Every structure is written in C-alpha cells, then in structure tokens.
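Worksheet: one structure, shown below.
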C-alpha cells in the first residue's frame, strides 16, 4: 500500500506541476520519501563522518575540528544580523567548470565493465533466490504443497508468499520463494511445488471505458462556462486519442543481494532511492534503520520504477535470514516487464473550441486509463494551456494487472499527447500552422510562457519549420507513396531540488571529499557533485572525490521528479562553501586578512579577493588545518536561492510515412529545453537525448500487450516488446537554453521533460504528413493503415 | 531451463543414431539461437541435445557448377551473407541472410536453423502450446492476433512461419538433404513445411530421427530475376510483418514463368498460385504488379486484429515484383 500511496503522491504532484500557473512543487514527494529516513531536513546525518561523529549539529554548522571557530558561514543568521552572504552560484564570468561540457566521470568504468552494478555483486556463499509466480491474472490459491520443494537438492530457505486461500490479482504475482545453492536448483525446486488455482474472472482491456466492470470516476474540474463558450466558438473539433500501458525496461532488472551479519542487514539494491530503501527494509523487517545499510554504487536504469524495495526486497532479506547466507534475488525479464514496469494508459474524448483567429476558448474532455487494480493518477488536462472555459473528468479503470509505477514524468506524456493532438487537430481545422496557433495562445501557457516563446523561436530555426511546413495532408502531393510531415508539442515540468544532505571533508593534505547517500541512476549525479565541489574549491576535477550510493552517508532524496540535480548540487555547494569557510578561518591570519570572508578559493590557490597577490597554494592552505580533517555539512533546502521549479520545453518532429505500408520513420527530432543553471552541459544534453530516444520508442513501438483471454502479458521479452533501435530514432538535435533569464534561477532538473513531447510531436507530424489523425500510440502499421482507410471512407 | 543430456557426435550417422534412440525427447542443436531460448523459457524441455558442432562435413559453403550453392547445416547466416561465391550466384539470398535478425544471432544462427526455427507466436512462446488451446477453444481468434496468419488460418494453427529466408529459397528452387535412420533423402524445400493439425505435430516433414544436413540451391536459370521484399517496422532486429519472394523468368519485359512465395502470412511459407498466374505471360508494369499483389491475397481472411497484414502482403508482392522485374 505504501507503494500505491507513493505513486499517488508523485502523480498528484506531477499533475500540479503540469497545470501551469500553479507553482510546481515536485520537491514534496521526494521530501516525503526522505522524511522517513534517519536524517530529516534540519537534522543532517553526520554520524558516518569521522570528524563529526557524535556531534549532531544543525545544518551547515562546522562541527568538530574547528572548536575555535564554532559558527561561521554555515549557520543561518537571524534576520537583521550582518553575517556571511547567502550562498549563490558563481557568476558567469568566474565559472570554470559549471556549464561546460564535461564527460561523466564514471564513463570509463562503465564502458570497461569495471563498474559493479547490483547484478555484478557476488558475495561469498551467496544463494540464488527465485520466485514461484501465478500464471493467472485472477485466481485463488486452492492448494499449495511445498513439501517436495523443501526437500529438493540445494534448497536452503522456502517462503510462502500467497498461501492457500489467497487471492491473486494479477498475473505473475508471487506465490512462494526459495533460496538455493544455484539458480538451476532453485528453478528445479520451484517446479517441484504443487499448486492448484481456482480461476476467477479477470479484466485487462481498459481501452473501451464502457467494457469496464468497475470504474472510479474522479472529481469533475470545471472552470468558466465551457458549453456556452463552445457554442460560441468559430471552430469546434472533437477527437478521440489514447496511448497504452508501456513498461520501464530497465536493462538491470529490479532486485537486490541481502546479507545479514547478526542483526545487521546489508542490501546491495538496484534502487533510485538509497536512503528510503534503508528505511523501508527496516520497517518491513522489524529492525532499526540503524541496522540497515543499502548500497547502490551503480544502477542499470530506474525511470521511476525503483523508488521502493517492493515485495521482493523483504522476501530476499527473509530468505537470507532463514538460510543464514547471502541471497541474490533479481527479477527475470518476464517478471520485470509484467510486474515491475507499468506506465498507466490514457484515453480521452476531447472537444476543443477556438475563435477564428485561433484563440482557444473552450475545452471539454473525459479521460480514462489504468495502471493496475488501484488505477493511477490522472493526466492534467488540458495540458499547459489554461483555456478559460474548461470541463474535465478522469476515470480510473481498475484492471487485473500489476500496479502502475511512476514512469519518467508521470502523467505528462499522456497529458501532452491527449492535449497536443487535440490542439493540432484544432489548428488544422482552422487552417493554421500549429506553430502560429501555439504562439497565438502562449498567454494561456502559465508562468513559463516567455520561455516557451523564446524556445519556439530556437526550435523553429533548428527545424527550419516556417520554410518547410505545409498544411495537413499537403506534404502528400509527391507521386510516390511516402509523405512527409512536421509536428510539435510543448512540455512543462517542476524539477526543484529535493531534500539532500551533504558532508564535505577537507583533509590537511588538500584532499577534498563530498559524501551523500544519493544514487546515480545514469544521469551523471556523481559527475555533477564533483563539478560543484571542484568549482567551489577552485580545484581541478581530478582533485576532488565523491562518495555516493550508500545509505550510511548523509541522507539524500530519491532520484525522481528530476529533483536530484537541484538537490545534490545545492547541498554540495552549501557544504563546500561551509567547509571552505573553515579553511579560510585558519588561513586568514597568515594572509593578513581581517576576516575569512575576505578570502576566495580559485585557480588552485586561496587568496585575498582585494589583493590577489596575497595567496597560498591550496595544499599549503589546507595544511593550516593541522592534523585533523574538517567536515562541514550542507543541506537543501537551505539559505540562498540555488534551485527553482518550473521548466518549459519544445519538441518538434519531422517524419516520413509510407501510406501503402503504414510505416513511420522519424527523420529528425528537435528538443529545446531549459533547466535553469546547467551544471554539466554534456550530461544534461545526454538526458535530453535519452528522453527523445525513449519518446520516439513509445511513440512508434512500445506497448504492453495483455492477452484478453488469459490476462497474461504476451510480449514479455525484448523480442516481443519492441523498443526503438538506434537506427529508428533519426537525427536528434538538442538545444539547452542558458544565459540571462535562465541561469539566475538556479539549478533545475530536466531529466524528465524531454520524454514528454515526442509522443505528441510525432503523432502530429504523422497527421500532418498523411492528412488524418492516427488516434492512438504507438504508431504501428496497423493503426496508421486503419486511420488512412477511415480517412478515405470519410 | 531443465537439465538435459548433451551429445556431441562426430558424424552424421552417429547423430542420427543418437536422435533415433528417443526422437520425441531429443533435439538437434546447431547454433542454438532459437532452441536455447525455448529451453530457457521451458517451452521446450528435451532430455537430449544432439549437437552437430563436431561434424566437420556439415561446415562450409560450396559452389558446385552443376548442383549450385550447397549450404551445410552448420553454415551461419553471417557466413552465407559474406560468402563471395554465394553473393555472386545468389546475391539476393546473401542479402536476405545478412538482414535476418541481428549480428549476434547471425553469427551463431545457422541457415538451416533459420528454416527450422519455431514460430514466434506469443501464445506458443508463453507456454500455451503451439496451437494455443485453452478449455478446448483456440485462444488466438479471441486473443491478440495482430501478428497471426491471414492465409491458411482456418485452424487449428494460426501462427505464421517466421523465416524470411525460406520464401526466397523456395522461389530459388532449393532442396534439402536429409539424413535419417532409413538413409538419406532429398526433398523440395516447398514440401518441407506443413501445417500441424494436432498439438503433437510439428511444422516440418522430418520423420523421427531425421536431421537436415544441407541446403542445395540450384544455379539461377537464364533470365531469372529474383527479389525479396520484407515489411518490417524496425530497421534492425525485428521480424518481418510480411515478406514476398518472387522469381520471374523474364523474356525481355515479358514474364514467362513466375514464382511468388509469401512469408509471415500463414503457418507455412505460402505459395501464391493466383499471383503466379496473373504474372505469367504479362508485360511487366505497375498495373500488373498491383494485380499480382491483389491476387496474392485472394482468399485471405482477417482475424480480429490483423486485417492490415492483408494490405502489407499485397504491397510486399507488388514491390517485390517491380523490383525483380527492374520496373
């Protein structure tokens, strides 16, 4: 249930983020995840740090090692007291590393295989856990006899997870688990189990709302008088649109290795929330969080599906406790696809009303979708545009499928497709270029309207839109069977930095180290922390060290909602400035400075700002610490504006469609995205590339195919579950907004937003190419040919 | 995967003996790219695997002036794609082999294995059986049949044969050499495939204990023009939704005899006799090619979700004919 609640929170907050105008606060869900961790905001976890052991200090207060200088720049000063200035980011002229294109520091380790992922962890005496899964979508366990399983060779532990009488609500849910000496023995032992099921009726096909046996209608949202406005609209356009449930497809499946030493549990866990995972293990196993260490040095993808330790986390730990040996339990691909990855579907009937000049005046929609028994969060409709008169209701449709999970930008890809397909159809009905139509309505686009406007100008240039755009269907005047088209969509996201704590230690030999429990789920978190650290100390990147991925380090939020970069860069910046102040306090007298605040660290030296010739090389400055390293903490949120919320982005697509075969080829994608102050342009661009690739993939190919007859997912491997290959994604053009108007907002996450637009942009480009709307994603030949045929018939 | 016995005979005779001892429980292992996946998913659970890897006689491609191209049972798709002799004699075949699956599969998967691979039907692959019957009813017509058959689909089989190489080899007149307990025999590739009528039946005409040892592709007849057209969604590592292989014996612009075989439309590679009749004796142009496409799908019957495949088959034939004829 915790999982449902977490997803609901994420979905709710993502929805808030989506309705422009209401301040985006994606920080909250992650804070709530962290709040349960040992260190809550204001109480930095510093126990793992030698210099601060046993000295719980308020945020930012330098602790042991500097007794003579008890409170320096880190302590939030009471109002009115002249104190050290609030932390800021360095100005553009003095940035040496921030904003540059820096290759991720762990790239070579990953490329050579030196990086050890959870899957690579092999503990001495390790056993293999395996789960007996129910093949039916809805059933009661009539009989479960594990006596032969228990006696099978190599079996060291057996757990019943859904015993006799239990109701199974989705296919591949867990019935029992074993740990055995080898994977093969575990499989053989499970095969020896005797299970009988009583089959119960299942429902798995939510595409047609009327077929659903149960629905959960949400609250109606009403603004203005949509019926009256619709009646007065010059153009009214009705449409049906939708997109199916897709999976997360983490290359590294969910799972962990659990090892007990007495009452202490170590879990090597593929998670995107290291701190929260430790708390969850403790809660579910009835032990103290102090007894749990979760380690995630590297992870092979999460995309929102790995916020929780799930049912298999405690199962693995219990098997290990029962067996008295470490146990590894990683999901097999069929289970990974069926139960551990699920973006809710969304379908909608939409009517849009616009004035003759293109002004949006009315919106009426009903949407529905599913993400398992509990349903899922509703896509914020209409997306971005606050159309003055609007009515909307979302209905959640429970299905016998595993629970939905936050999927990169929860609810937004759905909302974007549903909205921008409808708006594109409206522009077509008006005979307007969608670029002009969207620009005409930007006043309704909320707080980032101006950014959208600037980005549209850049995107237009990169796509050469105005020169190349033709009215819908007019790109088909060529004699062959291939038609070309352009499409666009806008995206919005929150991205404020989450709660994060960082300890920075300076060693007398000049070594500098940042410690925080955050995880790098592939975005470059390690690199970003190192850049902030090195920038702040005026040192080269190679001179600093970063330790992350361990729950014993100062607590940092889960990597979700694009909140990580803002959180860890802010906490690291504050901790680094605080640590630097400790060094300055020691060095100031030697440099003849009256106060530490007169010093700065840059270019490998500590110097007096007003007299740069009075300087000490960094190592000599650090040597002033004497024999003890010093550690300072930093947290986010904290003093100074280092992060913000709310990003705008534009996605454009250029496609080719063969109208005889229905094959769609994406030729080019353009993404123009803001992310406040960009820490590392290269890893930030990499996130945009990844978002586009994932977006092209779900636009063209991805779909969880659930068999209506058996209720089982049918495409449970990468053969049947189609992901776009590198040859399918076309040319990707990425532009990050930066400079005045962007940089001063602070660091804002943007790992998610660029996955939002491609579905809508590509769907619109296809409509532009072939003259008719293909109502549902993915844009496979069957759907494209069907739409063409219906278009000809109409 | 379940435990199994692994045999590695040094000769075809030994292999046949090992297979014949318990034919139902034994499987031939060449590249293993399909069989091992099926075993990992426990769709197949043979008690004995008979590996051909130690049988040197099954390796290698040979171009024989009389017999044509001889492809041993251990020749991989990658070897066929790269072989200079094959590329000279049957360039379209070499190209098709080079486009099947992906590089990793082509490097271990054999050409014979490509012909013998099991259907990709997701009911079969999920353990519902080759004919996917549940409570006495076939699951496919009521279920998700978007990739299933449009021809030869009156039941009980609804799957499609997955090979994209087989239709091409059939129009090239390929024959298979087969060794078995009763000695060696040859058969037309076209006669190798059959539609199973019961769950215990296979898609092949191999008798118990038989193993395919070689594919023999005769040299092309004078004036014969060959093409194969696949409709695939993804550029790489994807299964064709419909394939059309055509061989046209051209006299100038006029088609003499024509052979048209479709893939992925039926439980077997599907010879489109009506399309062949349309083409025979015609001056080739776009209209004739389109008529051949129409004729190829005569009698096609859509299931609930695969009507689009009729159009894809139609287009594949039209385009293959036009490409083969150089129009």
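Chains as they are written, first to last, in the numbering used here: chain W, 768 to 1561; chain U, -1 to 325. Cβ atoms here follow ideal geometry from the backbone N, Cα and C, with glycine treated the same way. Only a predicted model underlies this, so the values are computations on that prediction, with no experimental measurement involved.
What in chain W is Cβ-close to residue i, meaning under 9 Å?
i	result
residue 144 of chain U	1472, 1547, 1549
residue 232 of chain U	1467, 1468, 1489, 1490, 1491, 1492, 1494, 1495
residue 313 of chain U	1248, 1425, 1427, 1428
residue 309 of chain U	1427, 1428, 1429, 1548, 1552, 1556
residue 282 of chain U	Per Cβ cutoff of 9 Å: no residues; residue 282 of chain U is ~19 Å from chain W at best.
Measuring CA to CA, which of the options is closest to residue i?
i	options	result
residue 1057 of chain W	W/1070, W/1494, W/1043	W/1043
residue 1084 of chain W	W/918, W/1104, W/1045, W/1257	W/1045
residue 1147 of chain W	W/923, W/1519, W/1260, W/1422	W/1260
residue 247 of chain U	U/256, U/241, U/240, U/239	U/256
residue 956 of chain W	W/944, W/906, W/1218, W/858	W/944
residue 1554 of chain W	U/320, U/305, U/315	U/305
residue 181 of chain U	U/0, U/8, U/13	U/13
residue 28 of chain U	U/252, U/153, U/136, U/112	U/112
residue 1357 of chain W	W/1346, W/1382, W/1339, W/1347	W/1382
residue 195 of chain U	U/184, U/16, U/158, U/153	U/153
residue 117 of chain U	U/41, U/11, U/322	U/41
residue 946 of chain W	W/1501, W/924, W/993, W/1454	W/924
residue 1090 of chain W	W/1118, W/926, W/1225, W/1130	W/926
residue 934 of chain W	W/917, W/950, W/920, W/965	W/965
residue 892 of chain W	W/1242, W/917, W/921	W/921
Are the CB atoms of residue i and residue j nearer to each other than 9 Å?
i	j	result
residue 155 of chain U	residue 128 of chain U	yes
residue 1095 of chain W	residue 1023 of chain W	yes
residue 1108 of chain W	residue 1016 of chain W	yes
residue 1451 of chain W	residue 1462 of chain W	no
residue 1323 of chain W	residue 1285 of chain W	yes
residue 742 of chain W	residue 1175 of chain W	The question about residue 742 of chain W has no answer here: the residues shown for chain W are numbered 768 through 1561.
residue 1291 of chain W	residue 1334 of chain W	no
residue 1542 of chain W	residue 1159 of chain W	no
residue 911 of chain W	residue 942 of chain W	yes
residue 227 of chain U	residue 318 of chain U	yes
residue 254 of chain U	residue 291 of chain U	no
residue 1531 of chain W	residue 1237 of chain W	no
residue 1437 of chain W	residue 1431 of chain W	no
residue 1547 of chain W	residue 1458 of chain W	no
Counting only C-beta atoms, is residue i closer than 9 Å to chain A at any point?
i	result
residue 183 of chain U	Looking for chain A here will not work: the only protein chains present are W and U.
Hey, could you find the ends of the alpha helix (DSSP H) residue i is sitting in?
i	result
residue 1179 of chain W	1179 to 1197
residue 1017 of chain W	It is not in any alpha helix (DSSP H) - residue 1017 of chain W carries neither H nor E in the DSSP assignment.
residue 1456 of chain W	1448 to 1467
residue 1276 of chain W	Note, residue 1276 of chain W: premise wrong, no alpha helix (DSSP H); not H, not E.
residue 1535 of chain W	1524 to 1537
Applying a beta-carbon distance threshold of less than 7 Å, which residues of chain U neighbour residue i?
i	result
residue 1429 of chain W	306
Where do the ends of the beta strand (DSSP E) carrying residue i lie?
i	result
residue 114 of chain U	Here residue 114 of chain U belongs to no beta strand (DSSP E); instead the alpha helix (DSSP H) covers 109 to 114.
residue 1287 of chain W	Segment: none, residue 1287 of chain W is in no beta strand (DSSP E) and carries neither H nor E.
residue 941 of chain W	941 to 947
residue 764 of chain W	Past the boundaries of the shown model lies residue 764 of chain W; chain W is included only from 768 to 1561, so the question cannot be answered.
residue 62 of chain U	59 to 62
Residue i touches chain U at which residues, Cβ-Cβ below 8 Å?
i	result
residue 1300 of chain W	Correct list: empty, because the minimum Cβ distance to chain U is about 41 Å.
residue 1482 of chain W	120
residue 1476 of chain W	132, 137, 140, 141
Using a C-beta to C-beta distance shorter than 8 Å, which residues of chain W count as neighbours of residue i?
i	result
residue 23 of chain U	None at all; the shortest Cβ gap to chain W is about 17 Å.
residue 239 of chain U	1548
residue 235 of chain U	1492
Anything in chain U within Cβ reach of residue i, meaning under 9 Å, just list it in chain order.
i	result
residue 1479 of chain W	124, 126
Item checked: Contact set between the stretch 133 to 164 of chain U and chain W, restricted to residues whose Cβ is under 7 Å from the partner -> 137, 140, 141, 142, 144
Notebook entry, point to check: In the stretch 104 to 124 of chain U, which residues sit with their C-beta less than 8 Å from some C-beta in chain W, listed in chain order?
Noted result: 118, 120, 121, 123, 124
Notebook entry, point to check: Looking at chain W, which residues of the stretch 220 to 231 of chain U have a Cβ within less than 7 Å of any of its Cβ atoms?
Noted result: 229, 231
Next item on the list: Name, going along the chain, the residues of the stretch 69 to 89 of chain U whose beta-carbon falls closer than 7 Å to a beta-carbon of chain W.
Entry: none
Next item on the list: Determine which residues of the stretch 1095 to 1107 of chain W have a Cβ less than 7 Å from any Cβ of chain U, and write them out in chain order.
Entry: none
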